[in-house]
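Below: the structure, in structure tokens.
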Amino acid sequence: MTHPLTSAQLTPIINELAAAALPRWHLGGAKVTLVNHSENWTYRVEPQDALRPVILRVHRAGYHSLNGIRSELAWMRALQAEAGVKTPQAIPGRDGADIQTVSHPALESPRHCVLFEFIDGIEPPQDDLVAPFRQLGEVAARCHTHAETWQRPAYFDRLAWDFEHAVGATPNWGDWRQGPACTRERAAVIQRAVDLLQKRLAAFGQGRDRYGYIHADFRLANLLLHEGDVRVIDFDDSGLGWFLYDAATAVSFFETRADVPELIEAWKDGYRRRRALSSAEETEIDSFILLRRLTLFAWMGSHNETELAQTEGPGYAQGSAELAERYLTRFG
1 MTHPLTSAQL TPIINELAAA ALPRWHLGGA KVTLVNHSEN WTYRVEPQDA LRPVILRVHR
61 AGYHSLNGIR SELAWMRALQ AEAGVKTPQA IPGRDGADIQ TVSHPALESP RHCVLFEFID
121 GIEPPQDDLV APFRQLGEVA ARCHTHAETW QRPAYFDRLA WDFEHAVGAT PNWGDWRQGP
181 ACTRERAAVI QRAVDLLQKR LAAFGQGRDR YGYIHADFRL ANLLLHEGDV RVIDFDDSGL
241 GWFLYDAATA VSFFETRADV PELIEAWKDG YRRRRALSSA EETEIDSFIL LRRLTLFAWM
301 GSHNETELAQ TEGPGYAQGS AELAERYLTR FG
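Mapped onto the UniProt record's numbering, the consecutive letters of the sequence shown carry residue numbers 1 to 332.
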């Protein structure tokens, strides 16, 4: 029986695979620098001829199908062409394909690779988050309005972030009960909140005006500002879900902070500039914040080897239980 490679063992292998992939785009010999590894591996690639850099993403195994990645890239193109939302566009390889599948002798299966154009911009400043959250809400509304009428391609295949696939029977990121420091007492409180959450989301429903294709990771880190323009990056988690799940992702990892209500109000204000927001939707935002929180808690449990899970996990468990208590107090 072979044991899965650790992250430390896997990274140099993926580095080699990334370098081997570049000739697929006539980029052999380019300088390659790993800039991020959370789930996928993301590299900055600097061509020898001093052209603008480009970004190479090497996908992790077993998360998205080939058609799933094609679906992501298709929506990114459509958002830019039809909704005026600037996104990094995929650069076709020498054979005309956006996705190149590359093997390495040390890996059991090949990896999908995508090369993206580099787009200018800076992450919104953190010193005053109200204005950036207003911008975030506005661009989210533009994406949702487009998704509501977009004709999905025949090959469309993306994950769902509904109750079942977030915290239910077949969760994408694992069972929240396996989250770090999830004691019996905390699990009991959270389970009561999850049961209530399930009932409320079922009643809320999945009408076309409130459920569709979403970014699903609409944090400030995935927003770029450039000369007054707002750009959106990292659609890797995009999938089917409630539009207001995107509001919840904006406060990922700090859902219990004291200024969250103010930030959500700013997000709603920006959202209304482009799209109506009913009172029923406003009331249910707390449900989506809890749904997102527990989805991340599950991720920490299934990724307990990561620095994030080890440093944030215990406190995140306590905060999740506190958020569940608040939810029960408000809606129970």
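Where a beta carbon is used, it is the ideal one built from N, C-alpha and C, also for glycine.
These numbers were taken from a predicted model, which means no experiment stands behind them.
Who pairs with residue i in a beta bridge, going by DSSP?
| i | result |
| --- | --- |
| E117 | V54 |
| D269 | Looking at the DSSP assignment, D269 forms no beta bridge with any residue, so it has no partner. |
| residue 341 | Any property of residue 341 remains undetermined from this structure, which presents the chain solely from 1 to 332. |
| G241 | G212 |
| H112 | T101 |
| A160 | L240 |
| K31 | E46 |
| K86 | R231 |
Are the Cβ atoms of residue i and residue j separated by less than 8 Å?
| i | j | result |
| --- | --- | --- |
| W150 | Y213 | yes |
| R192 | L22 | no |
| residue 333 | L197 | Since the first and last residues shown for the chain are 1 and 332, residue 333 lies out of range. |
| D269 | G84 | no |
| I119 | R231 | yes |
| D157 | G62 | no |
| A30 | P47 | yes |
Kindly indicate the opening and closing residues of the alpha helix (DSSP H) around residue i.
| i | result |
| --- | --- |
| I13 | S7 to A21 |
| H303 | Element bounds for H303: n/a, residue is neither H nor E. |
| I190 | R184 to F204 |
| G257 | The identity of residue 257 in the sequence shown is Arg, whereas the question assumes Gly. Note, R257: premise wrong, no alpha helix (DSSP H); not H, not E. |
| Q135 | V130 to T149 |
First and last residue of the beta strand (DSSP E) that includes residue i?
| i | result |
| --- | --- |
| R231 | D229 to V232 |
| I99 | I99 to V102 |
| I122 | Segment: none, I122 is in no beta strand (DSSP E) and carries neither H nor E. |
| L225 | L223 to H226 |
Between residue i and the ligand FAD, is the CB less than 7 Å from at least one heavy atom?
| i | result |
| --- | --- |
| E255 | This structure does not include the ligand FAD; it has no bound ligands of any sort. |
- Okay, do the region 81-96 and the region 187-202 touch, 3+ Cβ pairs below 8 Å being the bar? no
- Task: Spell out a yes or no on whether the region 234-246 and the region 159-169 are touching, meaning 3 or more CB-CB pairs, one atom from each, closer than 8 Å.
- Result: yes
- Task: For the region 175-193 and the region 317-324, state whether three or more C-beta atom pairs, one from each stretch, are separated by less than 8 Å.
- Result: yes
- Query: Any chance the region 123-141 sits against the region 218-227, with 3 or more Cβ pairs inside 8 Å?
  - Reply: yes
- Item | the region 277-284 in contact with the region 253-261 per 3-pair CB rule at 8 Å | no
- Does the region 52-69 come close enough to the region 12-23 to have 3 or more Cβ pairs within less than 8 Å? yes
- Is it true that the region 94-109 meets the region 183-200, where meeting means three or more beta-carbon pairs spaced less than 8 Å apart? no
- Message: I want to know whether the region 34-52 touches the region 128-148 - three or more CB-CB distances under 8 Å.
- Response: no
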